[in-house]
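Protein chains in written order, with full-length UniProt numbering: chain A, 1 to 160; chain B, 1 to 274.
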């Protein structure tokens with residue numbers, strides 16, 4: 001991230017309260033992840049130890065240290081979706097995209113080797129009436145079945 | 001010895017139905033320890049504010065006939081304080097905690113010994129096995145190292161990373177952290193001796209903290225490395241370090257030698273006869 005943009009973001013937060021998380025949130029939204037260099041730069045600029053920032057970024061599931069691919073697929077794992085088979089949806093996605101569930105930090109965020117798709121999981125979207133749901137780049141898909149996955153993926157340029 | 005000499009009031013506390021005299025405002029855990037009443041604990045550190053993280057020092061506070069489980073390290077002695085330290089409920093709680101700790105830090109001898117002392121040798125929980133754990137499978141995540149690094153040393157070189165079952169303590173991005181001063185206070189306060197570091201040549205290597213390497217100060221007198229450079233610089237810039245100019249760069253051994261030699265030189269060679 002450009003140092004000038006970072007300075008602008010920091011300038012949005014003149015008071016201490018909510019400053020650190022607010023800045024991190026804006027970086028996450030802008031860059032879709034928190035770049036390591038930006039975090040280091042930020043630590044010096046707002047005089048918060050890097051260890052503290054790193055603790056925050058790894059704690060909240062909202063933040064990600066890994067860059068995401070072209071399309072972001074968020075699978076809802078809230079209770080109603082879970083009951084309606086969200087686990088199967090995720091399995092189907094993993095199978096089609098060739099990603100695995102391995103996680104070292106407890107956060108589910110998998111990107112395909114060609115950097116086209118990133119799959120993450122979330123808790124409730126508030127669209128339980130359409131469970132199970134998933135979201136691709138902000139677009140909601142309801143009543144999803146594992147069989148529908150290839151069709152949804154093809155809409156975003158996935159090829160068998 | 002005067003009971004009131006230091007301005008502190010002596011009050012009466014009741015522990016397990018026996019009455020004792022104790023200093024008002026004292027941390028109850030210390031009072032009990034001093035009186036020989038055994039309360040197990042892991043995360044109490046006198047240099048830091050009581051935190052109640054390990055939950056092992058749980059005791060029952062009796063108020064108006066009702067009991068309330070509270071960590072002994074967060075209780076301050078006051079007149080009429082009534083405590084029970086070994087009720088069946090407390091023992092049950094303690095034993096369960098020991099089982100959890102045996103699963104959390106399966107390699108820790110400290111935990112094993114402590115648990116065995118209370119009759120707990122096995123755990124029903126899944127043991128946490130981490131390959132190449134920089135904390136040797138001994139960390140209980142009490143946070144003392146993180147707190148001492150931030151609150152006492154002001155370095156904030158390490159922190160909690162991730163959360164829930166994935167929580168670990170290390171440097172940001174698991175890489176060498178220039179914020180570390182190599183003071184090793186973290187290793188000193190660790191209740192389970194999980195933190196490893198070693199002085200290799202003229203460097204101190206914090207093996208648990210992603211091999212963060214800090215250069216050591218070399219004694220100009222004997223040429224031996226003795227303390228982390230950055231730490232020494234910090235100490236020496238303190239006003240009134242109380243050190244005289246000639247010895248301030250020397251290692252503790254050479255400082256002692258300097259004083260001994262000075263004392264010897266003062267003794268007249270003719271045995272003190274005029």
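We put the beta carbon where it would ideally sit given N, CA and C, even for glycine. This structure is a prediction, so every number in the text was calculated from the model and none was measured.
Secondary structure of residue 229 of chain B (DSSP, three-state): helix. Judged by DSSP in its simplified three-state form, residue 203 of chain B adopts strand.
Per DSSP, reduced to three states, the secondary structure at residue 78 of chain B is coil, with no helix or strand assignment. Of all residues in the segment 55–73 of chain A, the ones placed with a Cβ closer than 7 Å to any Cβ belonging to chain B are 55, 58 and 59, in chain order. Collapsing the DSSP output to three states places residue 35 of chain B in coil. When the alpha-carbon of residue 20 of chain B is set against those of B:73, B:45, B:81 and B:39, the nearest one is in B:81. Check the Cα spacing between residue 5 of chain A and each of A:80, A:24 and A:139: the tightest is with A:24.
Residue environment: residue 83 of chain A is assigned as exposed (fewer than 16 neighbouring CB atoms within 10 Å of its CB, all protein chains considered). Taking C-beta separations shorter than 8 Å and ignoring five residues to either side along the sequence, the partners of residue 125 of chain B in its chain run 99, 100, 102 and 103, following chain order. Within a 10 Å sphere around the beta-carbon of residue 202 of chain B sit fewer than 16 other beta-carbons, which makes this residue exposed. Its Cα nearest to that of residue 151 of chain A, the residue A:93 stands out among A:93, A:12, A:114 and A:112. Spanning the alpha carbons of residue 10 of chain A and residue 46 of chain A requires a straight line of approximately 8 Å.
DSSP places residue 58 of chain A inside the alpha helix (DSSP H), whose first and last residues are 50–59.
Our two residues, residue 172 of chain B and residue 188 of chain B, have alpha carbons roughly 21 Å apart in a direct line.
Leaving aside the five residues that flank residue 130 of chain A on each side, the residues in its chain whose CB is nearer than 8 Å to its CB run, in chain order, 140, 142 and 143. Residue 105 of chain A reaches chain B at 162 and 166, counting residues in chain order whose Cβ is nearer than 7 Å. With the criterion set as a beta carbon lying under 7 Å from some beta carbon of chain B, the members of the segment 28–59 of chain A are 36, 49, 50, 51, 52, 54, 55, 58 and 59, in sequence order.
Along the segment 190–211 of chain B, none of the residues has a CB nearer than 8 Å to a CB of chain A. Going by C-alpha positions, residue 111 of chain B is about 50 Å away from residue 8 of chain A. Taking every protein chain shown into account, the CB of residue 137 of chain A has fewer than 16 other CB atoms within 10 angstroms, so this residue is exposed. Secondary structure note for residue 170 of chain B: it is in no alpha helix (DSSP H), and the uninterrupted beta strand (DSSP E) holding it is 168–170.
For residue 157 of chain B, the C-beta contacts it makes with chain A under 7 Å involve 51, in order along the chain.
Residue 120 of chain B is a Cβ neighbour of residue 95 of chain B, given a cutoff of 7 Å. In the three-state reduction of the DSSP assignment, residue 157 of chain B falls in the coil class. Residue 84 of chain B and residue 143 of chain B have their C-alpha atoms some 28 Å from each other.
For residue 123 of chain A, the secondary structure class from DSSP, reduced to helix, strand or coil, is coil. Boundaries of the alpha helix (DSSP H) around residue 19 of chain A: 19–31. Take residue 207 of chain B, set aside five residues on each side of it, and the residues of its chain with a beta-carbon closer than 8 Å to its own are 134, 196, 197 and 198, in chain order.
Shown here, residue 139 of chain A sits in a strand according to DSSP, grouped into three states. In the structure shown, the three-state DSSP call for residue 132 of chain A is coil. Ranked by Cα distance from residue 41 of chain B, the options B:213, B:265, B:16 and B:74 are led by B:74.
Put simply, of B:230, B:68, B:170 and B:136 the residue whose alpha carbon is nearest the alpha carbon of residue 87 of chain B is B:68. Interface flag for residue 172 of chain B against chain A is set, since a Cβ pair is found closer than 7 Å. A residue is called buried when at least 16 other Cβ atoms come within 10 angstroms of its Cβ; residue 129 of chain B does not meet this threshold and is exposed.
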